[in-house]
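A.B. asks:
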Amino acid sequence: MSSLAFFARHNEELAIYKGVQGEAAVKLPPTFVSVWSHDGRCLANVQDAGVLVCDIEADPGDMKVRVMDASSSLCRNMAWSEKSTWLLAHRPADKDKEKAAAEDNHLMVWDPSTGAVKFSLR
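Residues in the sequence shown are numbered from 2 upward in steps of one, following the working numbering.
#1: For Val47, is the classification buried or exposed, using 16 other Cβ atoms within 10 angstroms of its Cβ as the cut-off for buried?
#2: Identify the continuous beta strand (DSSP E) that holds Met79 and give its terminal residues.
#3: In the DSSP assignment, what residue or residues form a beta bridge with Ser121?
#4: Classify Pro113: buried if its beta carbon has 16 or more other beta carbons within 10 angstroms, exposed otherwise.
#5: Can you tell which of Ala117, Ser121, Gly116 has its C-alpha closest to the C-alpha of His107?
Okay, structure coming up:
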């Protein structure tokens, strides 16, 4: 039987717990947005380094963390595909139209198993 995994904010950190007793299995740096995959195996979160996907199915010491290619710490909305095979993130455009046109893509879709960009839209 697998244990319940969940996350909670702990001061400025994001703590991932496996089971309802004991200490956090993993503590991550400050996180802006977090969302579980539908299959419950991965937790996507936005940090200063960009969009990261943590494979929490592994033992805490073996947790795989992948940074999504060309991701931004400015993302504020994320969603997983129904089968957890794609991760979508949205970054609000700057209100200054000239500045927004010069910025990176505002909508990104990744393969979370590799971190590779599958689609982007400005």
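In this text, a Cβ means the ideal position worked out from N, Cα and C, and glycines have one as well.
C.D. replies: On the basis of the coordinates in this document:
#1: When all chains shown are included, Val47 counts as buried.
#2: Note, Met79: beta strand (DSSP E), 78-81.
#3: Per DSSP, Met109.
#4: Pro113 counts as buried, since no fewer than 16 other beta carbons sit within 10 angstroms of its beta carbon.
#5: Of all alpha-carbon atoms in Ala117, Ser121, Gly116, the one lying nearest the alpha-carbon of His107 is that of Ser121.
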